[in-house]
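Protein chains in written order, with the working numbering: chain E, 13 to 255; chain B, 13 to 474. Let me begin by presenting the structure, written as structure tokens, before commenting on it.
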Amino acid sequence: MIEVKNLVKSFGKNGEIKVLRGINETIEKGEKVVIIGPSGSGKSTFLRCLNLLEEPTDGAIYFHGEEITDPKCNVNKVRQKLGMVFQHFNLFPHKTILENITIAPVKLKLQTKEEAEENAKRLLARVGLLDKADAYPSQLSGGQKQRIAIVRALAMNPEVILFDEPTSALDPEMVGEVLDLMKQLAADGMTMVVVTHEMGFAKEVGTRVLFMDEGVIMEQNTPAEFFAAPKTERAREFLSKVL
Amino acid sequence: MRKQKSKAWFWTKLTVLFLIVALILATAVSVILSLGPQKASEIPLEQAQSVLDKALTDVLKSDREGLFTLREKTVVTVESLEYGEQSDIVFRCSYATVDSYSAIMGDVNSLFQFSTQKPNGMQMTSTEIRLNIDKAIAERFRAASPLSGKIDITFYEVDGVLQPYFDETVVNTCFGGILRVQTEVNELKTLVIDGKEVSIENKANIRRGLMECVDLSVATLERPDNSHPLVRWWNDFSDEFVRNFGDGYWRYLSDGLLTTLAITFFSLIIGVVLGVVVAIVRCTYDKIGKLKIADGICRFYLTVIRGTPVMVQLLIIYFVMLLPLGVDKFIAAVICFGINSGAYVAEIIRGGIMAVDDGQMEAGRSLGFNYVQTMWYIVIPQAFKAVLPALANEFITLLKETSVAAYIGVADLTRGGEIIRGKTFSAFMPLLAVALIYLVMVLGLSYLVKLLERRLHKSDRG
């Protein structure tokens, strides 16, 4: 479904800081890809390149065979199908929860206001936050905010959801509720790409683990095999620190 | 804990301060009121007579030559007393005096002979008339037939002392109708004295001379204003007020106010639209590097507008650009203030946009909004809320700044005050009124902004 070819991303005036050094990867429908790796390894940048929040310096990304890195491609249209959940939730503080969820489908004229609200309420009921529909984000806990952020992404009926360290900004006691929701999504067959430090989640939910370091994918395998017997020295070292 | 304590302290201090101020005010008011008039106490008739006698003696000085004393010929007897509504007492009196009218009229020829025959041919002065009267008609006064009747003399208590109030009637009757001479003389346009025609040019002089004859000038001929100082101040104030704003003059202010509000309102619209557009252009260039040329134009605009005085901008826009095109002054003012405030609004809103977390833009884009949509639905509302106090200040500044429009002759509020000042030559009231109106508007605007802020901050509760 998503195909990445020789993705390079560098920052700085002359591109002296190379964050991604040529990544080739294919993500199929229904996969739950978990990306792990030490800080600064480029996992988040890679994820953000997938929906072009970061513009790749070189290489190409295809979505259903269409090159989205092509300047002629309508990125906005593609992003509607690529949901994203952020580390810091990024809910819209000036909108109520219901408005946060419905604003995109309504303003982009994908659904009528009534449809969108009905859909949003159904999703809110599913995550057990229907009573917060008229609250503002500042009135919610971190875990609740992140669940709303996931609902907001879901409301667009995306084909893939990209998770950028969704539990890193949460109090430990709230991590569970967000992971539970993500597990539910996984069970429903949603295609997910998750950057995370939750190894437990990677083991339990992931269908594939990508280990990144220094801008390249060092190693990839099924979670069972990866965690049992990492092939590279770097991965072993990393796992010994985080497990 | 500490914070709460200091808050409690603050309120305690405020209360104490308030009490002290209230105490001082109460004291001041009671002192002022105690200075006010007090009802004259009851006076026995004999005492009233002596007060009257003294007052009349004070007024009726004997003539300089000592030929006759009017007082000797004038007896005024108090018959009853009546208390007035203010601290005034009416002495009901009977009088007996000389018929000075006939005395003077009987010798009128000599009177005017003297007055017109000054050796050097100069115009006679009243003082000389007086002296001449004294000499010429003293004898006639002595021989004059008596007059008697009843009069009321009003006394006022001023600073605890009774002082007489001599109106025309009192003076005329009490002092032998001496002032009626003037009334009669007024009717004579010319006099023939010794076969020569003499014109009477300055009748006021004659009257004054006669008054000075008996030193009436020292008497209180004007009703003494012994009302309460506050009342007096209020009367002066209301007189001034009517003079400046009565007779339809207030229309200058009300019409001017409408013009000021209209200029502010329309420039506000132009300013906000312009400001938002410029802010978006500049932020877009800063953040994603697009719109380079537009950004350059915006920078130029900001530099020029913020680098020159609004008055100069107004003069240039009107006299250099728009007057030759035949554009109305009002429109010119609106355009000028709109463009001017746009520059300031732009910088304020740009600050607000920059202050909105980048994650908001990313979240919006990740949902499929394009750049402009994300700006409009997500970033601008938050930026606007963040900069509302600053924007409110800008709007208040704009409201006050429109007073410069008077410079190109727009009849705004300030100009209205100036027009009244030109008509009444009184600066205090019209200008203070103008200031007060601006102040009230600014306070009102501040209050509205506060309400709006509270509404916008609803989403911050929690």
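Where a beta carbon is used, it is the ideal one built from N, C-alpha and C, also for glycine.
Name the residue from B:293, B:426 and B:327 whose alpha carbon lies nearest to the alpha carbon of residue 313 (chain B).
-> For the purposes of this step, residue 313 (chain B) is taken as the residue at position 301 of the second sequence. For residue 313 (chain B), the closest C-alpha among the options B:293, B:426 and B:327 is that of B:293.
Pull up the distance between the alpha-carbon of residue 394 (chain B) and that of residue 365 (chain B), whole angstroms please.
-> By 1-based counting over the second sequence, the position of residue 394 (chain B) is 382. By 1-based counting over the second sequence, the position of residue 365 (chain B) is 353. If I take the Cα positions, the gap works out to 8 Å.
As assigned by DSSP and simplified to three states, the class of residue 320 (chain B) = Working through the second sequence from its first residue, we reach residue 320 (chain B) at position 308. For residue 320 (chain B), the three-state secondary structure derived from DSSP is coil.
Anyone know if the C-beta pair for residue 446 (chain B) and residue 421 (chain B) falls short of 8 Å?
-> The residue labelled residue 446 (chain B) in the question sits at position 434 within the second sequence. The residue labelled residue 421 (chain B) in the question sits at position 409 within the second sequence. No, these two residues do not count as a Cβ contact at 8 Å.
In whole angstroms, what separates the C-alpha of residue 220 (chain E) from that of residue 205 (chain E)?
-> Counted from its first residue, the first sequence places residue 220 (chain E) at position 208. Counted from its first residue, the first sequence places residue 205 (chain E) at position 193. Cα-Cα distance, rounded: 10 Å.
If residue 47 (chain E) sits next to residue 255 (chain E), beta carbons under 8 Å apart, how far is it from one beta carbon to the other, in whole angstroms?
-> On the first sequence, position 35 is the one that residue 47 (chain E) refers to. On the first sequence, position 243 is the one that residue 255 (chain E) refers to. About 17 Å separates the two Cβ atoms, so there is no contact after all.
Contacts of residue 374 (chain B) in chain E (Cβ-Cβ under 9 Å) | As a working mapping, residue 374 (chain B) is identified with position 362 in the second sequence. Residues of chain E passing the Cβ test: 60, 65, 96, 98 and 102.
For residue 378 (chain B), decide whether its Cβ has a neighbour in chain E, counting only Cβ atoms nearer than 8 Å.
-> Within the second sequence, residue 378 (chain B) is the residue found at index 366, counting from 1. When Cβ-Cβ separations below 8 Å define contact, residue 378 (chain B) makes contact with chain E.
If you drop the 5 nearest sequence neighbours on each side, which residues of the same chain put their C-beta closer than 6 Å to that of residue 369 (chain B)?
-> To locate residue 369 (chain B), count along the second sequence from 1; it is residue 357. Contacts found: none.
Please name the residue or residues paired with residue 6 (chain B) in a DSSP beta bridge.
-> This structure leaves residue 6 (chain B) out entirely; chain B is present only between 13 and 474.
Pick from E:67, E:62, E:66 and E:192 that is closest to residue 1 (chain E), judged by C-alpha positions | The requested residue 1 (chain E) does not occur in the structure, where chain E is confined to residues 13 to 255.
Closer than 8 Å by beta-carbon distance: list the chain B residues that pair up with residue 168 (chain E), in chain order.
-> Taking the first residue of the first sequence as position 1, residue 168 (chain E) is located at position 156. Near residue 168 (chain E) (Cβ distances below 8 Å), the residues of chain B are 379 and 380.
Under a CB-based cut-off of 8 Å, is residue 160 (chain E) close to chain B?
-> Sequence index remark: in the first sequence, residue 160 (chain E) carries index 148 (1-based). No, no contact with chain B.
Residue 231 (chain E) lies in the beta strand (DSSP E); which residues open and close that run?
-> By 1-based counting over the first sequence, the position of residue 231 (chain E) is 219. According to the DSSP assignment, residue 231 (chain E) belongs to the beta strand (DSSP E) that extends over 228-233.
Identify every run of the alpha helix (DSSP H) within the stretch 20-79 of chain E, keeping only runs that are complete inside it and at least 4 residues long; order them along the chain.
-> Whole alpha helix (DSSP H) segments, 4+ residues: 55-62.
For residue 16 (chain E) versus residue 37 (chain E), is the C-beta spacing smaller than 8 Å?
-> Looking up residue 16 (chain E) in the first sequence gives position 4. Looking up residue 37 (chain E) in the first sequence gives position 25. It is a contact, given that the beta carbons lie within the stated cut-off.
Assign residue 301 (chain B) to one of three DSSP states: helix, strand, or coil.
-> Mapped onto the second sequence, residue 301 (chain B) falls at position 289. Correct three-state label for residue 301 (chain B): coil.
Per-residue DSSP class, three states only, for residue 182 (chain E) = Here residue 182 (chain E) refers to the residue found at position 170 when the first sequence is read from its first residue. When DSSP states are grouped into helix, strand and coil, residue 182 (chain E) belongs to the coil group.
Closer than 8 Å to chain E by CB, residue 390 (chain B) | For the purposes of this step, residue 390 (chain B) is taken as the residue at position 378 of the second sequence. Residue contact check for residue 390 (chain B) against chain E: a CB pair falls below 8 Å.
Can you name, in chain order, every residue of its own chain whose Cβ lies under 7 Å from the Cβ of residue 50 (chain E), other than the five neighbours on each side?
-> Position 38 of the first sequence, counting from 1, holds the residue named residue 50 (chain E). Within the same chain, residue 50 (chain E) has close Cβ partners 225 and 250.
Reduced DSSP category for residue 297 (chain E) - H, G, I as helix; E, B as strand; rest coil | Past the boundaries of the shown model lies residue 297 (chain E); chain E is included only from 13 to 255, so the question cannot be answered.
May I ask you to list, following chain order, the residues of the stretch 118-137 of chain E that have a beta carbon less than 9 Å from some beta carbon of chain B?
-> Answer in chain order: 119, 120 and 122.
If you check the beta carbons only, do residue 108 (chain E) and residue 146 (chain E) fall under 8 Å apart?
-> On the first sequence, residue 108 (chain E) is found 96 positions in, with the first residue counted as 1. On the first sequence, residue 146 (chain E) is found 134 positions in, with the first residue counted as 1. For the pair residue 108 (chain E) and residue 146 (chain E), the CB atoms are nearer than the 8 Å cut-off.
Contacts of residue 371 (chain B) in chain E (Cβ-Cβ under 7 Å) | The residue given as residue 371 (chain B) occupies position 359 in the second sequence. In chain order: 98, 100 and 102.
Have a look at residue 437 (chain B) and residue 99 (chain B) and give me their C-alpha separation to the nearest angstrom.
-> Against the second sequence, residue 437 (chain B) aligns to sequence position 425. Against the second sequence, residue 99 (chain B) aligns to sequence position 87. Cα to Cα, the separation comes out at about 36 Å.
Nearest CA to the CA of residue 327 (chain B): which residue from B:417, B:33 and B:21?
-> Translated into the one-based positions of the second sequence, residue 327 (chain B) becomes position 315. Measuring C-alpha to C-alpha distances from residue 327 (chain B) to each of B:417, B:33 and B:21 identifies B:417 as the nearest.
Considering only C-alpha positions, which residue in the set B:68, B:102, B:181 and B:346 is nearest to residue 279 (chain B)?
-> As a working note, residue 279 (chain B) is residue 267 in the second sequence. The shortest Cα separation from residue 279 (chain B) among B:68, B:102, B:181 and B:346 belongs to B:346.
Short Cβ contact (8 Å threshold) for residue 191 (chain E) with residue 210 (chain E) | Taking the first sequence and counting its residues from 1, one reaches residue 191 (chain E) at position 179. Taking the first sequence and counting its residues from 1, one reaches residue 210 (chain E) at position 198. Yes, these two residues count as a Cβ contact at 8 Å.
Where the beta strand (DSSP E) through residue 338 (chain B) begins and ends | Sequence index remark: in the second sequence, residue 338 (chain B) carries index 326 (1-based). In the DSSP assignment, residue 338 (chain B) falls outside any beta strand (DSSP E), carrying neither H nor E.
Chain B within 8 Å of residue 178 (chain E), Cβ atoms only | Residue 178 (chain E) sits at position 166 when you count from the first residue of the first sequence. Under the Cβ distance rule, residue 178 (chain E) does not count among the residues neighbouring chain B, no pair being separated by less than 8 Å.
Can you pull the chain E residues whose beta carbon is under 8 Å from the beta carbon of residue 397 (chain B), in chain order?
-> One-based indexing of the second sequence puts residue 397 (chain B) at position 385. For residue 397 (chain B), the residues of chain E that pass the 8 Å Cβ criterion are 106, in the order they occur in the chain.
Which residues of chain E have a Cβ atom closer than 9 Å to the Cβ of residue 393 (chain B), listed in chain order?
-> Within the second sequence, residue 393 (chain B) is the residue found at index 381, counting from 1. Taking the beta carbon of residue 393 (chain B) as reference, the chain E residues within 9 Å of it are 104, 106 and 107, listed in sequence order.
Any idea what DSSP makes of residue 121 (chain E), helix, strand or coil?
-> Taking the first sequence and counting its residues from 1, one reaches residue 121 (chain E) at position 109. Three-state DSSP puts residue 121 (chain E) in coil, outside helix and strand.
Assign residue 159 (chain E) to buried or exposed, taking buried as 16 or more other Cβ atoms, counted over all protein chains shown, within 10 Å of its Cβ.
-> As a working mapping, residue 159 (chain E) is identified with position 147 in the first sequence. Burial call: buried.
Can you give me the Cβ contacts of residue 348 (chain B) inside the same chain, cut-off strictly under 6 Å, excluding the 5 residues immediately before and after it?
-> Sequence index remark: in the second sequence, residue 348 (chain B) carries index 336 (1-based). Closer than 6 Å at the Cβ level, and outside the excluded window around residue 348 (chain B), lie 325, 326 and 329.
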